[in-house]
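Q: So that we are looking at the same thing, I have put the structure below in structure tokens.
In the numbering used here, the protein residues as written are 1 to 167.
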């Protein structure tokens, strides 16, 4: 639940800062990128501190080197968080994090169904709902930038060429 709370609170705080006059923080895409970055820092750090043993136990048995997988996914989450904060890399980072969310979802299902974590079976629906929210947020960032690129291309294609008069 902490990742969801972090996503919502930081997104709202960045939106508020933008409305309060911080020009670089205006607009929902920037706010959502900030919220996602904070969330992925939180979850990425958990791969190394505090929850590492629980995360390793969530890796399904068919996956080799669970400790390495947890390390790699933690590094990817932290790198994605940094990428979200940098304008030029934000859409690529959001796309990569979207793929990562899909890739790690089976670990959430395995943890809930197998009961490797105490009391997780009844948490499958909430975990799935949160994962859908996280995926929707990352995909919204991707869609915003893809749409923006298409709009810019269309504007360039429909702008009449300027003629230069020579005297």
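A virtual CB, placed ideally from N, CA and C, is assigned to each residue, including glycine.
Keep in mind that this is a model prediction, so the values were computed, not measured.
1. Buried or exposed: where does residue 33 fall if 16 or more other Cβ atoms within 10 Å of its Cβ makes it buried?
2. Below 8 Å on the Cβ atoms is my contact criterion, and I expect residue 7 with residue 36 to pass it. Report the Cβ-Cβ distance as a whole number of Å.
3. Secondary structure at residue 168, three-state DSSP: helix, strand or coil?
4. Excluding the five sequence neighbours on either side, which residues of its own chain have a C-beta within less than 6 Å of the C-beta of residue 95, listed in chain order?
5. Pick out the complete alpha helix (DSSP H) segments inside the segment 47–99, 4 residues or longer, and give them in chain order.
6. Take residue 172 and list the residues in its own chain whose beta-carbon comes closer than 6 Å to its own, dropping the five residues that flank it on each side.
7. Skipping 5 residues on each side, what residues in its chain have a beta carbon closer than 8 Å to that of residue 19?
8. For residue 132, count neighbouring C-beta atoms within 10 Å of its own C-beta (all shown protein chains included) and say buried if the count is 16 or more, exposed if not.
9. With a threshold of 8 Å on Cβ separation, who are the neighbours of residue 17 within its own chain once the five nearest residues in sequence on each side are excluded?
10. State the DSSP-derived secondary structure class of residue 103, mapped to helix, strand or coil.
11. Can you grab the Cα-Cα spacing for the pair residue 15 / residue 134, in whole Å?
12. Hey, would you say residue 145 sits closer than 8 Å to residue 91, going by beta carbons?
13. Throw me the rounded Cβ distance for the residue 81 and residue 41 pair, which I believe falls under 8 Å.
14. Under the three-state reduction of DSSP, which class applies to residue 13: helix, strand or coil?
15. Indicate whether residue 69 and residue 59 have their beta-carbon atoms separated by less than 8 Å.
16. Output the distance between the C-alpha atoms of residue 114 and residue 98, rounded to the nearest integer angstrom.
A: Reading it off the structure:
1. Your numbering for residue 33 matches position 33 in the chain shown. Flag for residue 33 reads buried.
2. By one-based count along the chain shown, residue 7 stands at place 7. By one-based count along the chain shown, residue 36 stands at place 36. 6 Å between Cβ atoms; contact.
3. Residue 168 falls outside the range modelled here, since the chain spans only 1 to 167, and no answer is possible.
4. One-based indexing of the chain shown puts residue 95 at position 95. Excluding residues within five positions, the ones whose Cβ falls inside 6 Å are 142.
5. 52–58, 66–85
6. Residue numbering for the chain in the displayed model covers 1 to 167; residue 172 lies beyond these limits and cannot be assessed.
7. Along the chain shown, one-based indexing puts residue 19 at 19. Correct list, in chain order: 26.
8. Here residue 132 corresponds to residue number 132 of the chain shown, with the count starting at 1. Residue 132 comes out exposed.
9. The residue given as residue 17 occupies position 17 in the chain shown. So the qualifying residues of the chain are 25.
10. In the chain shown, residue 103 corresponds to position 103, counting from 1. It is helical.
11. As a working mapping, residue 15 is identified with position 15 in the chain shown. As a working mapping, residue 134 is identified with position 134 in the chain shown. Near 18 Å, if we compare the C-alpha coordinates of residue 134 and residue 15.
12. On the chain shown, position 145 is the one that residue 145 refers to. On the chain shown, position 91 is the one that residue 91 refers to. Contact flag set, yes.
13. Reading the chain shown from its first residue, position 81 is the one you call residue 81. Reading the chain shown from its first residue, position 41 is the one you call residue 41. The pair is a contact, with the Cβ atoms about 5 Å apart (cut-off 8 Å).
14. If you number the chain shown from 1, residue 13 lands on position 13. Here residue 13 sits in helix by DSSP.
15. For the purposes of this step, residue 69 is identified with residue 69 of the chain shown, where counting begins at 1. For the purposes of this step, residue 59 is identified with residue 59 of the chain shown, where counting begins at 1. Yes, the Cβ-Cβ distance between residue 69 and residue 59 is below 8 Å.
16. For the purposes of this step, residue 114 is taken as the residue at position 114 of the chain shown. For the purposes of this step, residue 98 is taken as the residue at position 98 of the chain shown. Distance between the alpha carbons of residue 114 and residue 98 is about 25 Å.
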